[in-house]
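Asks: Okay, here's the structure, questions in a sec.
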DNA sequence: ATGTGC
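Written out as structure tokens, the structure reads:
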């Protein structure tokens with residue numbers, strides 16, 4: 001795999017058969033995947049073979065190996081030119097994403113409150129594999145409402161306030177969800193998980209704004225230095241996982257019918273406008289709404305704890321997904337085209353002036369929420385005008401060691417006491433979970449964010465530091 | 001990521 005340096009933060013994989021477009025990796029030289037021991041660049045090249053792909057197969061600075069597509073990948077296909085949609089381009093955790101909430105508290109008030117808050121959250125936040133949820137749904141009919149209405153339905157039912165919807169991607173729900181394309185098995189798995197964190201890299205953190213880089217934008221987002229925040233990172237749990245599994249299987253079988261040849265079965269795909277493509281997009285949208293409702297219910301549980309322990313409310317800064325495909329209009333080849341933009345481990349980053357932004361954010365751009373690895377900083381960014389990858393940027397630190405490698409590397413060292421030694425409170429994390437998520441298993445999120453900024457993908461707004469973490 | 005695993 002040969003990389004051509006186009007500029008200090010942009011490398012190209014030249015197009016050669018059967019690639020339809022080049023690959024482009026946005027990263028500093030230091031952050032580039034190790035070509036010898038990592039197959040993610042090969043995956044970037046594989047994605048470039050997809051029917052209808054336009055411009056390039058893009059990789060963000062946090063790129064690493066994933067199912068078919070790399071995590072940290074962005075690929076747009078032209079809907080009007082038989083462009084495809086691929087479940088592997090979204091990932092198993094459909095609409096995994098992040099929301100950030102601000103408290104009416106300064107970090108100076110926290111030492112006296114942190115233990116109470118963390119104990120309250122420990123009790124209030126269901127987490128881990130299939131271990132309960134905040135919301136007990138009343139049968140499939142109500143789950144269908146969640147899949148159709150997302151956060152909007154949750155708020156309608158009293159789980160949140162109207163303002164939450166203005167600060168959620170798609171005003172809390174996408175409109176094209178089709179619960180009829182969600183299997184009974186997916187429903188069974190998702191039924192009891194609305195309002196649950198999950199495990200792996202999912203977390204709820206109490207954080208503080210450590211540094212503000214752009215005062216006017218931070219103010220528009222509702223952020224100030226020293227402010228206490230809560231970040232929630234979760235997705236669509238077993239429901240999204242099962243939807244991905246189901247539709248990959250269907251698409252694998254339909255490939256020959258559409259004459260699609262791909263170098264890796266994990267890139268299974270169908271034309272966006274085909275029955276299989278539309279079925280997947282309808283089910284994917286249902287999972288996207290489910291994930292927003294999930295984060296909304298986790299928000300409500302967190303609010304109850306903050307109200308009771310600290311007498312503080314929590315305002316939503318934003319909720320944005322980093323695993324999703326969306327039909328969007330972008331200028332390409334001199335005209336406006338409808339493109340299916342796959343973002344897998346990549347965050348939508350709308351620039352200032354974009355019509356899809358809520359009125360109070362249109363001048364400053366979309367809040368982009370970047371969770372760091374456990375115990376490290378997280379970032380708030382905003383979209384950059386003229387960004388080079390369909391209004392997308394990175395999504396986090398990006399793994400450099402597999403879960404297995406990380407577990408081996410811990411060698412009995414106590415990740416929990418290392419966090420506590422740095423005054424970060426930990427609740428509910430399994431020893432193994434902590435080992436898999438140790439910061440050494442990830443790239444340096446600060447370097448990732450710096451590369452994304454230098455590549456012109458986004459602009460930095462604020463850095464957040466963790467005070468307490470709740471994990472599965 | 002995930003009723004970690006065909």
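Numbering (UniProt numbering), first residue to last: 1 to 472. For each residue, glycine too, the CB sits at the ideal point set by N, CA and C. Since we're looking at a predicted model, the values are computed, not measured.
1. DSSP beta-bridge partners for residue 458?
2. Suppose only complete runs of 3+ residues qualify. What are the beta strand (DSSP E) ranges in the region 290-351, listed by chain order?
3. Let's test the definition: count the other Cβ atoms within 10 Å of the Cβ of residue 286 and tell me whether it reaches 16, buried, or not, exposed.
4. Mind checking which residues open and close the alpha helix (DSSP H) that includes residue 415?
5. Hey, residue 459 and residue 453: beta-carbon distance below 8 Å or not?
6. For the beta strand (DSSP E) that contains residue 227, what are its first and last residues?
7. Which same chain residues, not among the five before or five after residue 134, have their C-beta less than 6 Å away from its C-beta?
8. Taking DSSP's pairing of strands, which residues face residue 466 in a bridge?
9. Using only alpha-carbon positions, find the residue among 170, 50, 266, 201 that is nearest to residue 396.
10. So what's residue 244 in DSSP terms, helix, strand or just coil?
11. Would you mind working out which of 95, 56, 36 sits nearest residue 44, comparing C-alpha positions?
12. Whether or not the region 409-424 and the region 434-443 are in contact is what I'm after, with contact meaning three or more pairs of Cβ atoms, one per stretch, closer than 8 Å; do they touch?
13. From residue 6 to residue 132, what does the alpha carbon distance come to, in whole angstroms?
14. Which residues in the same chain as residue 273 place their Cβ atom closer than 7 Å to its Cβ, once the five residues preceding and following it in sequence are excluded?
15. For a quick check, are the C-beta atoms of residue 445 and residue 372 less than 8 Å apart?
16. Where does the unbroken beta strand (DSSP E) through residue 11 begin, and where does it stop?
17. Which parts of the region 354-383 are runs of the alpha helix (DSSP H), unbroken and 4 residues or longer, counting only runs that do not cross its ends?
18. Which two residues bound the contiguous alpha helix (DSSP H) that contains residue 123?
19. Please confirm whether residue 357 and residue 163 have their CB atoms less than 8 Å apart.
20. Judging by CA-CA distance, which residue of 62, 31, 75 is the nearest neighbour of residue 46?
21. Could you name each continuous alpha helix (DSSP H) segment of 4 residues or more that falls completely within the region 20-68, going from the start of the chain to the end?
22. Between the alpha carbons of residue 53 and residue 24, how many angstroms are there, rounded?
23. Rounding to the nearest angstrom, what Cα-Cα distance links residue 475 and residue 203 in this structure?
24. In chain order, which beta strand (DSSP E) runs of at least 3 residues are fully inside the region 145-220?
25. For the beta strand (DSSP E) holding residue 441, just list the boundary residues, first then last.
26. From the DSSP output, in three-state form, read off residue 402 for me.
Replies: Let me spell this out:
1. 383
2. 314-321, 323-332, 335-344
3. buried
4. 415-421
5. yes
6. 227-234
7. 195, 297, 301
8. 207
9. 201
10. helix
11. 56
12. yes
13. 50 Å
14. 79
15. yes
16. 10-13
17. none
18. 110-124
19. no
20. 75
21. 40-47
22. 13 Å
23. No answer is possible for residue 475: the residues shown for the chain start at 1 and end at 472.
24. 203-212
25. Note, residue 441: premise wrong, no beta strand (DSSP E); not H, not E.
26. coil
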